[in-house]
Each structure stands twice: as C-alpha cells, then as structure tokens.
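Residue numbers (the numbering used here), protein chains in the order written: chain D, 277 to 545; chain Y, 277 to 545. Here the structure is laid out as structure tokens; the discussion comes afterwards.
Written out as structure tokens, the structure is:
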C-alpha cells in the first residue's frame, strides 16, 4: 500500500482532514458515480463551490478512509483533500463554509489541517462500526432506516456466543461480498476483529465491531450470520467451520444496510 | 366538554384505542386538510382500505387526543375509531392490518378494544411532551428535524430557573398562539403544568412537560421563552410578569417544531 501512497503525495501546502457524519438514507453510498447522489459527489461539489474550479479543469478529489454502501450511515467517516492553492481560507473557515454549502444530511464534525502526507485511507490502522438491531413487534417510525427490524425468537446468549467466534484473526472469505472488480479473488481476506461488544437497551441491541480493517460488506455478512444463529436457523459450529475452511461457498447472509454506521476511523496517535 | 362528548356517543359495538407514533417531518401535522399529507388522512385512509367504505359514503373519522402541528413528532399520540360494523376483525387483526397499510413513518404501537364511550380527547386527563435542544456548533445529520439546534451561550441554570416559573397553575394567554378560529379569545387559558424536567446528556438537553392540557403552540412558546432567558436575552422577571399579567401583548418567542414530541396522553386508570 505504501507504493500507492507515494502516488497520492501532496503537492499543495495544506491538507485538510474532515471528520464527516452522514445520514445514509438519501445517498447511494460514499463513492462518486454517474448520476451523483453520493456523499463523495456532495462533498466534492461543496469543495468546488467554495474553492472554485481547479485550474486544470479536473474534479478536486476528496479521499475517504473507505467506501460506505447505499443506506449505510457514518458518525465518524474520515476524508482528506488539498484545498486549491488559490484559496486563502484556514481550517475554521473551510469548516464553516462546507457546512453552509452541504445539505443537512451531511455534516463536517471536525476539520483539521494535517501533515501534507496524511492519507485518510492508507494511514488508517482500524475502524469501528456499529450495527443496531431492533427486536420488537413494531419498529418505531424514528428508527426506520436506522436499525434492522427483527421480531420473533432472538436469543441474546446465542448472539453473544456467535460474536465470540468472529473475534480474533481469521480469513473472512466466507463473510464478504465480491465487488465484481478485477483481481478480486487475489486480495488477502485475512483481517483481525479486535473486539465485538453487545449492548442491549430495551428493544435495541447495539453491536460494535472494532477491527484492523473490514472487507466489502463484511460487517453486514457477520451480523446476518449472528442473527441466523440467534434465531436458531444455524449452529455456532457452522460459523466456526466457515471461518476454519474459508473457501466454501459463501452463505450470503447479508444484514440490511439500515442498521450500519461507521463510527470511527483509527489512526496512529 | 361533557355536552360535546354526548354528541360523539358510539353507535357501534366496538371502539378501538390506537397508540400512535409518527415522524412529524413528512406530514402537515395531525389534522385532516385539503391536499392530504396529514397523519389523520393517512390513518383514515388505512382504516378505509381495511374496513371498506362506510355504507353512508362518509369518511370514517379517527379522533385524536389533540392536533399536532406540522413537523411535530409523536411517540404516544392516542386516537380512537369505531370499525365499520361489517368488518369482523379483532383488535390484533386491526393492529397488524393498519401497520401493513400505513407508511413506515406512522406506526400503531398498541391497538386495544375499549369501552364504547371512551373518547381520546375528552377522557384525557393530561399530556406529556418532550422538547429536545441540541447545544453544539454542529447538528449531527441524524438529529436534523428532531431537535432545535442552538449554539453560542446557553446557561443551563437559567433554563432550570425559568422552567420553575412555568410550573403550577397559570393563565398561559401570553404563551400560546391563536388558531384564527371563532370565539378563540373566550377560551379559558388557565392550565396546570405539573412538572418540567430537564435532562442534559452531552450536547442534548431534553425538556419534559407534564400538564393537564396544553394550548395551541404552548410548549413551543414556553421553550422559546426559556431559551431566550438561557441566552441572556430576557430576564426571568419578564417571564414571571407575563404569567402574572397575561393580557399583555404576546411576545411570540416560538421554538421550531423540530424538537417537539407528544410522548404520552394520560387517562384515568
């Protein structure tokens, strides 16, 4: 990854690190795409409004720690960009100006000048995700799109038991999805989940995942598997086997995006 | 009010009491109006879908404990209606059917058969409202429309001091709005606020109001006044004077609907 990092070496004197929160419901995920309606498109167009068009006519890119999918929320996504050399705004001015231009569904929670070689993606040493399960007959309207609504039998002790299985260093090949990109199968699928915590609070069960990195849809696949065990549709042994023999056919138990939020991206102190 | 109640006497054998939660953001308040897009319109059209059109061709009305304004939320609004005599559904079937037809922004949290003379409005002995203040530089995206965003100086002790002034029995003429209806000035504006509690939790300050009844926009007017005192723009003495001499010109300090939720309607045990 450090070869890639060299390619992105800053040429401007200032680099800004943004800590972003967004409501995933109105967006087609982070990554820019034709048709817009992504968080990256909104942030890049706000930067262009404030900083003016870059002299070479190309879009000034804002680089995030990673993509989030359609409908997935963020409380602490991190991104960086280099303001055009022609703007004379400091970090506090950029902070206020971005929030003035962005829709209320995206907020810059913090804006800090960082070393010109800081990279939101390549410098990240870990991430924390949260997944919210709502276990009740009826989903309250203000939770719509913010939790996975489950009813019927759901064993909390089996949720805890299956969480323990995923902690530690594993090959998560059976618990991720393909992006349909080239050379995808050659990507190393070994990751370490440092900790999974489970916090029940009335009808809400919050699951928090801290790890060194997460593969595409990995948290949703793990939550989908945990819920199948908690409902009695799978055994913990089946999950243990999928982790031990990762080249089996992927089971594809995918939890909906609604409950997922990127809480924090971790960097060296 | 009991004369009015007699007018609404039930003619059907079953009356259903609905406890409703709704996200106020997409609705033009509770009360039915031309153009629809109100909570009452949505609930009445769901009842018509399930129960079929009433034989006399008139809309089968659903009566709430009171109106909520555009943008105001509810966690425990109460309403009643009499299912058409031709339907053979019990309370559990009505509960499931209504939630299947209603949009996810409105949920029936409970559905109970009650005495045929129960009336959601005339039997209510009190209400509990909550108002959420978000005191921080930036409003997190998931709080948008759910809290009043305040920044700058806001004294919590002055919030508490002004809350104490409103507790008890007062003429709230200076802290309500006119609906522009006939005979409005002759309405008795004396109400009792049993308790105002203030719960700070990080950047959130929750205010809870329990009273025997609330006038039009009364909670929002009181919160507007409390915030003016907490910001140092008014003195507590001014508020005390407006309560003591209620016929003064209304100050019109109206908090936005965003932070307001109807939490609970109280009935005799």
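Beta carbons are placed, not taken as given, at the ideal position from N, Cα and C, and that holds for glycine. Here the structure is a predicted model, which means the values were calculated and not measured.
| Asked | Found |
| --- | --- |
| Secondary structure of residue 326 of chain Y, DSSP reduced to three states | helix |
| DSSP state of residue 277 of chain D mapped onto helix, strand, coil | Its pLDDT being 41, under 50, residue 277 of chain D is placed unreliably in this model, and the coordinates cannot settle the point. |
| Pairwise C-alpha distance: residue 530 of chain D and residue 408 of chain D | 14 Å |
| Residue 517 of chain Y - containing alpha helix (DSSP H), residue span | 512-520 |
| 8 Å Cβ cutoff met for residue 402 of chain D and residue 488 of chain D | yes |
| Chain Y contact for residue 514 of chain D (CB, 8 Å cutoff) | no |
| Closer than 8 Å to chain Y by CB, residue 345 of chain D | no |
| Distance, residue 482 of chain D Cα to residue 476 of chain D Cα | 6 Å |
| Per-residue contacts from residue 405 of chain Y into chain D (C-beta, under 9 Å) | Simply none; closest approach about 16 Å. |
| Those residues which DSSP pairs with residue 408 of chain Y across a bridge | Y:482 |
| Residues bridged to residue 447 of chain D (per DSSP) | D:466 |
| Interface residues of chain Y facing residue 349 of chain D [CB-CB closer than 9 Å] | 417, 418 |
| Assigned secondary structure, residue 426 of chain Y (DSSP; H/G/I helix, E/B strand, else coil) | strand |
| Inter-residue Cα distance where the pair is residue 544 of chain D and residue 400 of chain D | 8 Å |
| Nearest neighbour of residue 435 of chain Y, chosen from Y:297, Y:465, Y:420, Y:504 [CA to CA] | Y:504 |
| Beta-carbon gap between residue 520 of chain D and residue 479 of chain D smaller than 8 Å | no |
| Contacts that residue 298 of chain Y makes with chain D (C-beta to C-beta distance below 7 Å) | 417 |
| Interface flag, residue 380 of chain D vs chain Y, CB-CB below 8 Å | yes |
| Inter-residue CB distance, residue 437 of chain D and residue 512 of chain D (contact presumed, cutoff 8 Å) | 5 Å |
| Neighbour list for residue 383 of chain D in chain Y, Cβ cutoff strictly below 8 Å | 414, 415, 416, 417 |
| Spatially closest choice to residue 468 of chain Y from Y:440, Y:459, Y:454, Y:455, by CA coordinates | Y:440 |
| Classification of residue 382 of chain Y by the beta-carbon crowding that lies within 10 angstroms, buried from 16 upward | buried |
| Buried versus exposed call for residue 432 of chain Y [16 or more other C-beta atoms within 10 Å across all chains shown] | exposed |
| Unbroken stretches of the beta strand (DSSP E), 3 residues or longer, contained in the stretch 297-364 of chain Y | 349-357 |
| Residue 390 of chain D in three-state terms, based on DSSP | strand |
| 6 Å CB neighbourhood of residue 501 of chain D in its chain, flanking five on each side removed | 515, 529 |
| Per-residue burial, residue 540 of chain D [other beta carbons within 10 Å of its own, 16 or more giving buried] | buried |
| Close-in-space but distant-in-sequence residues of the same chain around residue 425 of chain D (CB under 7 Å, 5 per side omitted) | 410, 415 |
| 8 Å Cβ cut-off: residues of chain Y touching residue 375 of chain D | 414 |
| Exposed unless 16 or more other CB atoms sit within 10 angstroms - verdict on residue 331 of chain Y | exposed |
| Span separating the alpha-carbon of residue 390 of chain D from that of residue 451 of chain Y | 50 Å |
| Residue burial classification, residue 535 of chain D (beta-carbon count within 10 angstroms, cutoff 16) | buried |
| Residue burial classification, residue 460 of chain Y (beta-carbon count within 10 angstroms, cutoff 16) | exposed |
| For residue 454 of chain Y, the nearest candidate out of Y:421, Y:470, Y:484, Y:497 (CA to CA) | Y:497 |
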